[in-house]
Each structure stands twice: as structure tokens, then as C-alpha cells.
Amino acid sequence: MKAVAYKSKGSKLELIELPIPEPKKGEVRLKVISCGICHTDMLCGVLIQSQRVPGHEVIGSIEKMGEGIDTERFKIGMVVGVGWFGGNHCTKCRSCLEDQWIHCKHQTNCGLHYDGGYAEYMTCPEDALVVIPDGMDPVETAPLLCAGVTVFNGFRNQYIKAGALVGVQGIGGLGHLGIQFCRKMGYEVIAMSYGNHKRELAMQLGANHYVDMSSKDCVEKIQKIGSVKCIICTAPSASALPGLIDCLGVNGKVVVTAAFPEDFSASSIKLIDGSKCVMGWASGDSRDSTDTIHFARLNDIKPMVKVFPLEKAAEALENIDKARFRYVISFLPESRLNSYKINERINKN
Ligand SMILES: [Zn+2]
Ligand SMILES: [Zn+2]
Numbered sequence: 001m002k003a004v005a006y007k008s009k010g011s012k013l014e015l016i017e018l019p020i021p022e023p024k025k026g027e028v029r030l031k032v033i034s035c036g037i038c039h040t041d042m043l044c045g046v047l048i049q050s051q052r053v054p055g056h057e058v059i060g061s062i063e064k065m066g067e068g069i070d071t072e073r074f075k076i077g078m079v080v081g082v083g084w085f086g087g088n089h090c091t092k093c094r095s096c097l098e099d100q101w102i103h104c105k106h107q108t109n110c111g112l113h114y115d116g117g118y119a120e121y122m123t124c125p126e127d128a129l130v131v132i133p134d135g136m137d138p139v140e141t142a143p144l145l146c147a148g149v150t151v152f153n154g155f156r157n158q159y160i161k162a163g164a165l166v167g168v169q170g171i172g173g174l175g176h177l178g179i180q181f182c183r184k185m186g187y188e189v190i191a192m193s194y195g196n197h198k199r200e201l202a203m204q205l206g207a208n209h210y211v212d213m214s215s216k217d218c219v220e221k222i223q224k225i226g227s228v229k230c231i232i233c234t235a236p237s238a239s240a241l242p243g244l245i246d247c248l249g250v251n252g253k254v255v256v257t258a259a260f261p262e263d264f265s266a267s268s269i270k271l272i273d274g275s276k277c278v279m280g281w282a283s284g285d286s287r288d289s290t291d292t293i294h295f296a297r298l299n300d301i302k303p304m305v306k307v308f309p310l311e312k313a314a315e316a317l318e319n320i321d322k323a324r325f326r327y328v329i330s331f332l333p334e335s336r337l338n339s340y341k342i343n344e345r346i347n348k349n
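Structure (C-alpha cells):
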């Protein structure tokens, strides 16, 4: 089969030939239909110890099942997804006993601990699988398995009341989905970006307000709108975080969903005065992705995507910072690919 892989730690992605993998006990083999390209795929190239195929936003059909798969639930030919949570949770550790599979020390990440979706075929354990409902578009569903679940799950676990004022900071791969999810979850949404060039897009995606966070009076503007209960921070940086804390209302929180290299500092007085907090959020497991996809389907939430063939995966990942907003590798026939045009997929709110 054809695959795109890092041949060693720190190397560049290369198109290579690999044997079609055999599913072991408790695993299935997928024929990959599409795979989203994510920033984290670059990190995989640095973290791996040996050759690895990245890709953790995979949609594929079950082609072969290893011993022990629940055949009541999974059938040959069924379309499924695999996200960053790559399964193998142990069921016994403290995190598993608290039902937090994503924090299990034994859980694996697809495309990091085993070969992922930048390939014609891959294998994965059963607990990583997300059943994709009939009729969902394989290209537009792929990014929901990482970017989508991160924002949806990050928000729904804050237990913010419907109708509350929330912020989505950063309008990129995560943020453009975050605006859509938050609006459909029943919140009043402030889109927060830098400069004014994303204002129109943010409003088209469903934001109620737009604030240019590079303007001097951005905090006052936000405070004038109301008391912000939660800001999902999709473009974090050490310099952005203190300003976001200032934007929060009483009992407000900043939820950081993406990693950044530097440490940040925050004023303890500002956190105490208003009982505010800054917290991190780690994506979600296969059950959370199932819920994300169900919610997205019910509410017509879709990422804006651009499609690449496998052969162009390396080029797409190198240029990911220019993406508006998710790049997806697709094995669909050429005739299907032309239908994915950026800007056609924006929700009509
Ligand atoms: Zn990702
Ligand atoms: Zn565990």
C-alpha cells in the first residue's frame, strides 16, 4: 500500500510503500477514505522513535476484523472514525476508573504510537472506533475527530448555562468550529481574533459579536457586551492569556485547548477578584467523538476544508498555517474532490 511516513525522528514526510497491515486480536483494519491533517502531525515527527505514519482524523471502512471484536456492534464495510484518542485504555488505572479514558497512562494515540491515516490502510484497537452515521460526508467529518471534539467536548464539560455569554478566541481550525458549536449549543458568542479580516467570516459562522483583540480597548468592548463565563482559547500564547483573563466576568474561565511553547504568567489578584480560572482541556475519547459527530450532524456543523491526495500530504502539512481551515487527505475519486470548495460550507444562520 501507499503511505506517507516519517522514516525516523526529525525526518521529513515521505511517500513510501508498506505491506498492508494485519489486524491483531482486538483490532480492525480500515480501508482509509479520508484523513484530516492536523498541526499535531508535525509534533509526531519529533516525538517518534522509529518510522511512523501520522494521521489521527481518520475515516475508513472496516475491511477486516481481528479476533475478539464485538461483531454485534461492528460489521465489515461499516464506516468508522479514529481520532487522537487511539484506544488501548487499560480499564484499571485511576483515570479509567474515573471514566477518563483520554488520561489513561496506557492509552495510545493514533498516528503517534501506531501508524495512522496517511495511508491506504491502517489498523487500530476497537475502543478507538467511532461509528459514523450513514450519509455523513467522509471529508467533512474527518476534522470533527480532533478539532471538532476538542472544542465541543471542551465546552460541554464546563457546564455553562444556555444563554450565557462565551468567547471563542482564535478563528482557525478549532475556532471556526468552536463558533458554530457554541452558537448551536445555545450560547451568545463573541468571536475574538486579531485584526478585522475575519470579522465577516466569524459572523457568517454564527458569532453574535466580533472583537478585534489587537485593539487597545478590546477588554472594555467585551465588558460592555456582558459577563463572559467561558472563553475557549484555540490560539493560545503567553502574551494572549492575561488579556483573556481580563475579559472574563465573575466565575469565568479560560479553557486552553492547544499547546504553546512558552510559560505564561497571570495575576493572582485578578484570578481571586472574580473567582476566575485558567484550565487546560484534552480533546476527548471515542465516546466523546461519537457525541460530537451526532451533535454536528443534527445541527449542520461542518468544517471548511480543502482536499489533497495522499501524494500531496507532506506539502499540505508544511503549509498548514495557510489553511482555511482544515486540510484533508482524501482517497475519494477525483470527481468527488472538486465539490469541496472553501466558503461554500459556511452555515447559513
Ligand atoms: Zn489533531
Ligand atoms: Zn487506564
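Residue numbers are given in this note's numbering: position 188 of the sequence shown equals residue 188, and the series is strictly consecutive.
Glycine included, every Cβ here is placed at the ideal spot set by N, Cα and C.
All values derive from a computational prediction rather than experimental measurement.
Beta-carbon spacing of residue i, residue j below 8 Å
i, j, result
"Ile-59", "Asp-285", "no"
"Met-213", "Met-185", "no"
"Glu-63", "Ile-76", "yes"
"Ile-179", "Ala-202", "yes"
"Ala-235", "Gly-170", "yes"
"Cys-233", "Leu-244", "yes"
"Ile-48", "Tyr-6", "yes"
"Cys-146", "Glu-57", "yes"
"Leu-241", "Ile-37", "no"
"Leu-310", "Ile-329", "yes"
"Ile-320", "His-39", "yes"
Residues near residue i in its chain [Cβ-Cβ closer than 6 Å; skip 5 each side]
i, result
"Gly-55", "Cys-35, Gly-111, Gly-116, Gly-117, Tyr-118"
"Ala-282", "Ile-102"
"Asn-109", "Trp-84, Gly-86"
"Ile-20", "Met-1, Tyr-121"
"Asn-153", "Gly-284, Asp-288"
"Val-256", "Cys-233, Pro-236, Gly-280"
"Leu-144", "Thr-292, Ile-293, Ala-296"
Neighbour-count burial assignment, residue i, 16 or more Cβ in a 10 Å radius
i, result
"Leu-176", "Per the sequence shown, residue 176 should be read as His rather than Leu. Classification for His-176: buried."
"Asn-343", "Caution applies to Asn-343, whose pLDDT of 46 falls short of 50 and renders its modelled position unreliable; the value that the coordinates give is listed next. So Asn-343 ends up on the exposed side."
"Lys-25", "exposed"
"Lys-224", "exposed"
"Gly-129", "It should be pointed out that residue 129 corresponds to Leu in this sequence rather than to Gly. Answer is buried; the Cβ neighbour count reaches 16."
"Pro-261", "exposed"
Helix, strand or coil at residue i according to DSSP, with G and I counted as helix
i, result
"Cys-350", "Since the displayed the chain opens at 1 and closes at 349, residue 350 lies outside it and no answer follows."
"Arg-326", "strand"
"Leu-248", "strand"
"Leu-165", "strand"
"Arg-199", "helix"
Contact set for residue i: own chain, Cβ-Cβ below 7 Å, skip 5 residues either direction
i, result
"Phe-325", "Gly-172, Gly-173, His-176, Pro-303, Met-304"
"Asp-41", "Pro-54, Gly-55, Gly-111, Leu-317"
Same chain, Cβ closer than 8 Å to residue i, neighbours up to 5 away in sequence not counted
i, result
"Val-46", "Lys-9, Gly-10"
"Lys-221", "Val-211, Ser-215"
"Lys-105", "Cys-90, Cys-93, Ser-95"
"Val-228", "Leu-165, Val-166, Gly-167, Ile-190, Ile-222, Cys-247, Leu-248, Gly-249, Gly-252"
"Asp-70", "Glu-126"
"Pro-133", "Ile-293, His-294, Arg-297"
Per the contact definition of three or more C-beta pairs closer than 8 Å, is the segment 244 to 264 in contact with the segment 119 to 136? Contact fails: fewer than three Cβ-Cβ distances are below 8 Å.
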